[in-house]
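Residue numbers for the sequence shown follow this note's numbering, beginning at 27 and rising by one.
Glycine included, C-beta positions come from ideal geometry on N, C-alpha and C.
For reference, the structure is listed below as structure tokens.
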Amino acid sequence: MNDEKSALEAAKIIHKMGVKNVIIKMGGDGCLLYQNGKSVFIPALRVNAVDTVGAGDCFAGALANYLIDDENNIEDAIRFAQVVAGIKVSRAGGHDAIPAMDEIKAVIESITV
């Protein structure tokens, strides 16, 4: 998906198949969340991408980690996952490029201030 309109159309189709909460990833542009007949676009963290390998894995892991602690706040979970993936792509490497929690929290605080 490379535009919000196409992402929304796809999300509605998937939702009709019985998926309650649909997340359509759009790479460096962000994600679309569709739930309860409503959609929200959550932009990606704006960074200079150096190495995108593992970005999706970081996103998925961060999303799952957040939802374990707060399963009812999907929007915040996506925002958290976007930050983790954004930090990851801003540096080269695999496992060593995954940010630590203190770094993630610092970036989130700088965004929300």
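Buried or exposed: residue i, going by 16 or more other Cβ atoms within 10 Å of its Cβ?
{"i": "Ile179", "result": "The first residue shown for the chain is 27 and the last is 139, placing residue 179 beyond what the model contains."}
{"i": "Val79", "result": "exposed"}
{"i": "Arg105", "result": "buried"}
{"i": "Val109", "result": "buried"}
{"i": "Gly63", "result": "exposed"}
With DSSP as the reference, label residue i as helix, strand or coil.
{"i": "Ile40", "result": "helix"}
{"i": "Asn47", "result": "strand"}
{"i": "Ile124", "result": "coil"}
{"i": "Arg105", "result": "helix"}
Could you tell me which residues DSSP puts in a beta bridge with residue i?
{"i": "Ile137", "result": "In the DSSP output, where bridge partners are listed per residue, Ile137 has none listed."}
{"i": "Cys57", "result": "Lys51, Ile68"}
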